[in-house]
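As they're listed, the protein sequences go chains A and B. Taking my numbering, the leading residue of the first sequence gets 31, the next gets one more, and so forth. Taking my numbering, the leading residue of the second sequence gets -11, the next gets one more, and so forth. Even for Gly, the Cβ is constructed at its ideal location relative to N, Cα and C. To keep things clear, I will list the structure first and then write my remarks on it.
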Amino acid sequence: MRWWIEKVIEKIFAISGFATTIVILLMVVFLFREGFGLFRSPVVEKGFALCVNASNPVEHIGSSTIKKVFNGVVKDWSEFSSFNEKIVLFRCEDPDKCGDMSKRYSEEELGSDYEHLAEKLGEVIAETPGIFAFVHEEFLPKNIKGVRILEENKIAVDDFFFGLEWIPTSTPAPQFGVLPLILGTLLVSLVAILIATPLGLGVAIYLSELSKDRLRNILKPAIELLAGIPSVVYGFFGLVVLVPMIQRAFNLPVGQTALTGSIVLAIMALPTIITVAEDAMRSTPRPMREASLALGATHWQTIYKVIIPYASSGISAAVVLGIGRAIGETMVALMVTGNAGIIPKTLLTPVRTIPATIAAELGEAPVGGVHYQALFVLGCVLFLITLTISIAAELISKRHHNKGL
Amino acid sequence: MLDKNLSQKIAFWTFRFLGLFVIGILLWILGFVVYNGIGVISFEFLFEAPRNGMVEGGIFPAIIGTFCLIVGSMVVAFPLGVMSAIYTNEYVREGKISKAIRTMTNNLGSIPSIIFGLFGMALFVNTMSWGDSIIAGSFTLGLLTLPLVIRTTEESLKMVPDSLRNGSYALGATKLQTIRRVVLPMAFPNIVTGLILSIGRVSGETAPILFTVAAYFLPKLPTSIFDQVMALPYHLYVISTSGTNLEAARPMAYGTALVLITLVLIINFSASLLRKHFGKKIGV
């Protein structure tokens, strides 16, 4: 009986032992399940479709091309397909605003309740070879000769990963290009680490080599405590203090820029980098230091020729971990980077990061819709980036252990 | 070539300056929040609901909400985390499996909190149809802090010397008896320290609760685990970025930031005190 109970409890322990593994697997499953439908969704807004003349051979039209066409930037089919004809734009979102239908046809012809609108629309499309029509589902000219409805025009993988704009509310085709978001995220976090690493290293050297023990025993725990301050507080500080400061210093229209985000993220990353780097430096074996000093090296020479090289893999693991955390940081990015979904050109323009995009938009996106799915695919991208970084950090610190000593 | 003593002098003064500079920045942030927030704290601020577009009144519902989330997430994470750590540390022999489990735990710990928010929304809010509720938020936060609970528990279990385990076995105790009567009581204070650290982490998280529990404005206190609640970090975010009158809400934001910082610092500080105290007591 006893033995039996022990076995059962051991099994329960075993199941919870794999809890983290199960959670990661579930996460992958759910992120993909919720997001994957994106690449099976039509390019244009829900409830609308694109129609062309049957002589037009075009197969796939990306969302950015559609936007350019409807903004009048692209004027000819030959600019993106093999079809040689001028584009004739036609938008039919509701019966009152359906191209020039009310001019072409009398009210009787269209029907009192617009019941013949679809049919007449078909006629127009069939006789205009260069037409590009954006039509509400209700008036879709189905099964009419000379009309081709682009039903297979789905959001393509390269539209998503190489698209240059993120404008989910754009009509007629929402723009889901993640490139600006990925670049924005990398820019903000890399600059943050570039600021934080030298500062953090300097402080770590100060604490481990220069400060008196009594001072160090106060400062080190204080810095560790600061690592626990919630990110939303750092974001608040950035918003109230740094944003106006940056705005005045560089004479900008808004102070919410990539640089502001980087500075706040750098301040946030400092405690972690200081703590890990200091621990790594203090773990330098005493004989190594003493040998260096005995050879006549100064303290400073010992630091940069012996201690820093010895601690380097610990330090680089700290830096890589810092990048990972900065990439995933949501609240700071949301509050101080300005959230503009365009490719950043300088550090002083607003940018938008992946986590900030998810946090800002998920609340407004209808569950199961294209926008919702796009945000989950963004989540997958972020998941993969941070997982890669965490594995890299693990490999680096493993190298540290293998070094022996 | 610079004289080596001169270059040492230059380098050391640079580091002293850097040290003071960085510590100055960190103190500045702390001082900034305390200086601006201290005047706002009053009995009314701590124990009343926000009024008048959240520019007057207090933050009581947010404090209660955060408290509910702390309790809820610990109910999820604590038993699961402790059992998981017991399994990896006591049952599995050091080797591939324990290494794999540890790698997974580390990986889970490095996943950004917003991903937990997405996951919590997909699984708990939508698939389980719990809606935005304390229970959905607690599960999300609980999973977020699970790696921290596991890591600290494992460290505390490792501090229990093997000789005690062997002594227990020698007296004829089974594995489970040894764990329950010898290992856990010895490791308990340190496990509690880990628990307190996780509470500190949970109480400051914003991103995971955005879509799983947090309410923009809800003066009513929760009555069941399927209610939405306000929470301190989310409240700070809301009143500092998206109120109708941001300038008028500033004092409330300073006050909320101060309460949040104080809460987190007290929690972390008591954890480090406890660790110091009990770390010495076991003395291994």
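### Query
When the cut-off is 8 Å and only beta carbons count, does G399 of chain A lie next to chain B?
no
### Cβ-based contacts, 7 Å cut-off: residues of the segment 254 to 266 of chain B near chain A
N256, F257, S260
### Task
Indicate whether at least one CB of chain A lies closer than 8 Å to the CB of A195 of chain B.
So yes, A195 of chain B belongs to the interface.
### Task
Mind checking who A163 of chain A pairs with in its DSSP beta bridge?
A:C81, A:F120
### Contact under 8 Å by Cβ, L248 of chain B with P260 of chain A
Their beta carbons are under 8 Å apart, which means L248 of chain B touches P260 of chain A by this criterion.
### Message
Going by C-alpha to C-alpha distance, which of A:T387, A:L414, A:W330, A:A356 sits closest to W1 of chain B?
### Response
In this structure, A:W330 is the residue among A:T387, A:L414, A:W330, A:A356 with its C-alpha nearest to the C-alpha of W1 of chain B.
### Message
Mapping the DSSP letters down to three states, classify L261 of chain B as helix, strand or coil.
### Response
helix
### Task
Identify, in the order they occur along the chain, each residue of the same chain with its Cβ nearer than 8 Å to the Cβ of E149 of chain A, setting aside the five sequence neighbours on each side.
P171, I174
### Query
Would you say Y75 of chain B faces chain A, with C-beta separation under 8 Å as the test?
yes
### Residue span of the alpha helix (DSSP H) that contains I445 of chain A, given as start and end
Summary: the structure shown does not reach residue 445 of chain A, with chain A confined to residues 31 through 435, and so no result is reported for it.
### Task
Say whether the segment 88 to 107 of chain B touches the segment 415 to 427 of chain A, bearing in mind that this needs 3 or more beta-carbon pairs closer than 8 Å, one atom from each stretch.
yes
### Message
In the DSSP output, which residue or residues are listed as bridge partners for A203 of chain B?
### Response
Note: A203 of chain B sits in no beta bridge, so no partner.
### Any chain B beta carbon closer than 8 Å to W107 of chain A
no
### Inter-residue spacing [alpha-carbon to alpha-carbon] between L229 of chain A and G409 of chain A
So the two alpha carbons sit approximately 31 Å from each other.
### Query
What first and last residue would you give for the alpha helix (DSSP H) that runs through K76 of chain A?
Premise fails: K76 of chain A is in no alpha helix (DSSP H) and is neither H nor E.
#### Entry: Contacts of A(-1) of chain B in chain A (Cβ-Cβ under 7 Å)
The answer, in chain order, is W330.
### Message
Below 8 Å on C-beta distance, what does G393 of chain A contact in chain B?
### Response
Close partners of G393 of chain A in chain B (Cβ separation under 8 Å): L198, F199.
### Task
Mind reading off the beta-carbon distance from L240 of chain A to L377 of chain A? Whole number of angstroms is fine, and I expect it under 8 Å.
Not confirmed; about 32 Å, so no contact.
### Query
Is it a yes or a no for the segment 361 to 375 of chain A touching the segment 341 to 348 of chain A, going by three-plus beta-carbon pairs under 8 Å?
no
### Task
Measure the C-alpha to C-alpha separation of T305 of chain A and V397 of chain A and round it to an integer number of angstroms.
Using only the alpha carbons, I get a separation of about 42 Å.
### Task
For my contact list, P49 of chain B and M218 of chain B are in at a C-beta cut-off of 8 Å; report their separation, rounded to the angstrom.
5 Å
### Query
By Cβ distance, which residues of its chain are closer than 8 Å to I388 of chain A, with the 5 residues on each side in sequence left out?
T360, L405, L408, G409, L412
### Task
Whole angstroms is fine: what's the gap from V272 of chain B's alpha carbon to R355 of chain A's?
Model confidence at V272 of chain B stands at a pLDDT of 41, short of 50, so the residue's coordinates are unreliable; what they give is reported in the following sentence. One C-alpha to the other measures close to 34 Å.
### Query
Three-state secondary structure (DSSP) at W196 of chain A?
strand
### Query
For chain A, is any of its Cβ atoms less than 8 Å away from the one on V21 of chain B?
yes
### Contact belief for Y204 of chain B with S46 of chain A at Cβ below 8 Å, rounded distance in angstroms
About 36 Å separates the two Cβ atoms, so there is no contact after all.
#### Entry: As assigned by DSSP and simplified to three states, the class of E44 of chain B
strand
#### Entry: Rounded separation between A293 of chain B and G83 of chain B - CA only
A query on residue 293 of chain B cannot be resolved here, the shown segment of chain B reaching from -11 to 272 and no further.
### Query
Is F206 of chain A helix, strand or coil by DSSP?
strand
### Query
Could you give the distance in angstroms between the alpha-carbon of T229 of chain B and the alpha-carbon of F113 of chain A?
50 Å
### D188 of chain A classed as buried or exposed, judged by whether at least 16 other C-beta atoms fall within 10 angstroms
exposed
### Query
How many Å lie between L273 of chain B and G125 of chain B at the Cα?
A question about residue 273 of chain B goes unanswered here, because the residues of chain B that appear run from -11 up to 272.
#### Entry: Cβ neighbours of S61 of chain B in the same chain (closer than 7 Å, five flanking residues each side left out)
S126, L129, G130, T133, V190
### Task
Measuring alpha carbon to alpha carbon, tell me which of B:F55, B:E143, B:T115 ends up nearest E78 of chain B.
B:E143
### Query
So, using beta-carbon positions, are G232 of chain A and I303 of chain A closer together than 8 Å?
no
### Task
Check the C-beta distance from F162 of chain A over to L119 of chain A and give it rounded, since I have them as a contact under 8 Å.
6 Å
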